[in-house]
Amino acid sequence: WIFMTALLEQQLQHDFEWSRKELYKKDLGNSIEKLSCDYFVTFTFRNPEISKESAEKALKLFIMRINRSLFGNRPKRKLIMIPFIEKNYFQGYHFHIFMKIPEGFYDNTIKVEMKKQWCLLAESGKSTFEANLDGNHKWFTPINDSEGLSKYVLKQSNNCKIDNLVSDLISK
Numbered sequence: 004w005i006f007m008t009a010l011l012e013q014q015l016q017h018d019f020e021w022s023r024k025e026l027y028k029k030d031l032g033n034s035i036e037k038l039s040c041d042y043f044v045t046f047t048f049r050n051p052e053i054s055k056e057s058a059e060k061a062l063k064l065f066i067m068r069i070n071r072s073l074f075g076n077r078p079k080r081k082l083i084m085i086p087f088i089e090k091n092y093f094q095g096y097h098f099h100i101f102m103k104i105p106e107g108f109y110d111n112t113i114k115v116e117m118k119k120q121w122c123l124l125a126e127s128g129k130s131t132f133e134a135n136l137d138g139n140h141k142w143f144t145p146i147n148d149s150e151g152l153s154k155y156v157l158k159q160s161n162n163c164k165i166d167n168l169v170s171d172l173i174s175k
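For the sequence shown, the numbering used here assigns the number 4 to the initial residue and increments by one for each residue that follows.
Quick look at the structure:
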């Protein structure tokens, strides 16, 4: 009886954690949808085995540089970006970012400047920017299905704090 109670408690705890995680993912997905982001951006690194810390440091530098290049030094405005870090096949990392184009800017202006600023990083992966046969760039994709994309970026999350959301690098 004691053994069965312990197993039941363990199962209930597991179910509770799973439901909290799923509810948090749903809420985060709803928040992303409410922001009405315009583009889904993907950035890779030259070193496929880059550490999580190095990847986050590079993204932080990129965010600082892109905001300065678009809005000047000490900008009051910033690009709205919600970055997610994802582990790749080689145990390194890459980023997916939900981004909103600010008023007064053309989409292509932002795209060109993002590419320029990412390429200035020593860690950047240039293969990110190759076009497919249609001439489309998969790294800078218009968002047509924010719900599907939010589920896609949350697929690697395995705990309640959504460990692939880089919350300290969100710029609003």
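Idealized CB from N, CA, C, for every residue including glycine. These figures come from a predicted structure and were not determined experimentally.
Apart from the five residues on each side of it in sequence, which residues of its chain come closer than 7 Å, Cβ to Cβ, to Cys163?
-> For Cys163, the predicted structure reports a pLDDT of 39, less than 50, and the residue's modelled location is therefore unreliable. A value from the coordinates is still provided. Hits under 7 Å: Glu20, Arg23, Lys24, Tyr27.
Opposite Val44 in the DSSP bridges: which residues?
-> Ile100, Phe143
Tell whether a beta-carbon distance below 7 Å holds between Phe74 and Arg68.
-> no
Limits of the beta strand (DSSP E) - the one that Glu89 falls within | 83 to 90
Ile165 to Phe65, Cα distance in whole Å?
-> Confidence at Ile165 is low in this model, with a pLDDT of 46, below 50, so its placement is unreliable and the value that follows should be read with caution. Approximately 23 Å, taken between the alpha carbons.
Measuring CA to CA, which of Gln14, Glu56, Trp142 is closest to Lys90?
-> Glu56
By the 10 Å Cβ neighbour count, where 16 or more other Cβ atoms means buried, how is Gln120 classified, buried or exposed?
-> buried
Alpha helix (DSSP H) segment containing Ala61, residue limits | 55 to 74
Per DSSP, Ser127 is paired with what?
-> Phe48
Distance, Ala61 Cα to Glu150 Cα = 27 Å
How far does the alpha helix (DSSP H) with Tyr155 in it reach, from first residue to last?
-> 149 to 156
For Tyr96, does the count of other Cβ atoms within 10 angstroms reach 16, so buried, or fall short, so exposed?
-> buried
Helix, strand or coil at Lys164 [DSSP, three-state] = Unreliable placement is indicated for Lys164, whose pLDDT of 43 sits below 50; the coordinate value is still reported in the next sentence. Coil.
Count the other C-beta atoms from every protein chain shown that fall within 10 angstroms of the C-beta of Ser179, then say buried if there are 16 or more, exposed otherwise.
-> Residue 179 is absent from the model: the chain starts at 4 and stops at 175.
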